[in-house]
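In this text, residue positions in the sequence shown follow my numbering: the first is 86, and each later residue adds one. Glycine included, every Cβ here is placed at the ideal spot set by N, Cα and C. Quick caveat: nothing in here was measured; it's all calculated off a predicted structure. Data first, discussion second: the structure below is written as structure tokens.
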Amino acid sequence: MAGEGDRRADLEVDESRRSRILGSLSGAGGRRGVAIALISTLVFVVVVVVVIANSPGWPTVHEDFFSWHYFKSTLPGIARAFLLNCEIFLIAECLILPFALLIAVLRSLPGPVFFPLRALAIVYADFFRGVPTILVIFILGLGVPGLELSGVPTSVVFWGIVALVLIYSAYVSEVYRAGIESVHPSQEAAARSLGLTRWQTLRKVIIPQAVRRVIPPLLNDFIGLQKDTALVGLLGALEAFNRSQIDVAATFNFTPYLAATVLFVAITIPLARFTDWLIARDRRRRQAEGLLA
């Protein structure tokens, strides 16, 4: 018995040692893989930079697109115009969130009584997801003011915001709907068994869970919304893209486009990284819930 116990202890020691060796090897292999990937990426970037810098037309392109003089002189004006992009984005986002949720709720209503509302929500979502954003902006921004109706706003910024709200509400409503359908039916059954009405169940049980689950994809849609605010400039609104076009026409240099690009990237990249962080946190939370279950 003693010999058998000693052999078992030796086997456990060998297994532990083997696990440590494999762990160290896998860690070393992972670090080596990361190092190789970084080096190869750096080499590729260096090669691309060298090829571009030695191309025959690089001096002309450098002067036309990367002029520090024009970048420094046009950036303040474009930055002031970019405030309009941010204003359009914030107003549209505040309108899209509740409107899209309403559409998603209407589409999820059960029973034949609510069929007209479901059909209306489906037609709305399908239509505005199928029409290009720029067409909706032109039709509303140029067509509605042209009617000269009394009491109807004629501001191109107003109608640009309306167009963005109509388009993005259709997309965001589908995100909400996916979140609502991801809530297990047992949640609704439990709420109804406690005496809650259908509306109370939606408001207190289903919608809060659905919204928490769809926050990352919602942020992805709003990254696209921030970029599409530049389309309002096609109606004549003096936002960042339109201001950069004016500067390009005045200087015959394309560097103002680069200045506008920098401003948009300064907003969208932090939003993208924040979205990635939320997705990773949600994945960890779900894994923890699975282990507890």
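Helix, strand or coil: how does DSSP classify G215 here? Taking the first residue of the sequence shown as 1, we reach residue 215 at position 130. Looking at G215 - three-state DSSP - the assignment turns out to be helix.
Backbone secondary structure at T282 - three-state DSSP: Here residue 282 refers to the residue found at position 197 of the sequence shown. Of the three classes helix, strand and coil, the one that applies to T282 here is coil, per DSSP.
Below 7 Å CB to CB, which residues in the same chain sit around V296 once its five sequence neighbours on both sides are set aside? Counting from one through the sequence shown, the residue named residue 296 turns up at place 211. If the five residues before and after V296 are omitted, its C-beta is found closer than 7 Å to the C-beta atoms of G264, all from its own chain and listed in chain order.
Go ahead and label T282 buried or exposed: buried means 16 or more other beta carbons lie within 10 angstroms of its beta carbon, across all protein chains shown. Against the sequence shown, residue 282 aligns to sequence position 197. It counts as exposed.
Go to A334, then tell me how far its alpha helix (DSSP H) extends in each direction, as first and last residue. Here residue 334 refers to the residue found at position 249 of the sequence shown. Element bounds for A334: A325 to T336.
C-alpha distance - R369 paired with P355, whole-angstrom precision: Mapped onto the sequence shown, residue 369 falls at position 284. Mapped onto the sequence shown, residue 355 falls at position 270. Roughly 21 Å between the two C-alpha positions.
Note down, in chain order, each residue of its chain lying with its Cβ closer than 8 Å to the Cβ of P161, except the 5 sequence neighbours on either side. The residue you call residue 161 lines up with position 76 of the sequence shown. None.
Hey, which unbroken runs of the alpha helix (DSSP H) at 4 residues or more fall wholly within the stretch 233 to 311? 241 to 267, 270 to 278 and 283 to 286
Run the proximity test for T159: is its beta-carbon closer than 6 Å to any non-hydrogen atom belonging to the ligand COA? With respect to the ligand COA, the structure shown offers nothing to examine, as it has no ligands at all.
Element boundaries [alpha helix (DSSP H), containing I176]: On the sequence shown, position 91 is the one that residue 176 refers to. Element bounds for I176: W153 to R192.
Could you tell me whether the stretch 309 to 320 touches the stretch 122 to 137, where touching means 3 or more Cβ pairs closer than 8 Å? no
Alpha carbons only, please: which of L227, L202, I219 and F223 is nearest the one belonging to T239? For this step, residue 239 is matched to residue 154 along the sequence shown. Taking only the C-alpha atoms, the option nearest T239 is L227.
Report yes or no: do three or more beta-carbon pairs, one from the stretch 196 to 208 and one from the stretch 316 to 324, lie closer than 8 Å? no
In its own chain, which residues sit with a C-beta less than 6 Å from the C-beta of Y253, not counting the 5 before and 5 after it? Start at 1 with the first residue of the sequence shown, and residue 253 comes out as number 168. Hits under 6 Å: I181 and L310.
Run the CB neighbour count on S278, radius 10 Å, all protein chains shown included, and call it buried at 16 or more, exposed below. Start at 1 with the first residue of the sequence shown, and residue 278 comes out as number 193. By the 10 Å Cβ count, S278 comes out exposed.
Please name the residue, chosen from P341, P183, R117 and S329, that lies closest to L456 on a Cα-to-Cα basis. Here the chain covers residues 86 to 378 and nothing more, so residue 456 does not appear.
Buried or exposed: which applies to S140, given that a residue is buried once 16 or more other Cβ atoms fall within 10 Å of its Cβ? Taking the first residue of the sequence shown as position 1, residue 140 is located at position 55. Burial call: exposed.
Going by DSSP in three states, S140 sits in which element: helix, strand or coil? Position 55 of the sequence shown, counted from the first residue, corresponds to residue 140. Three-state DSSP puts S140 in coil, outside helix and strand.
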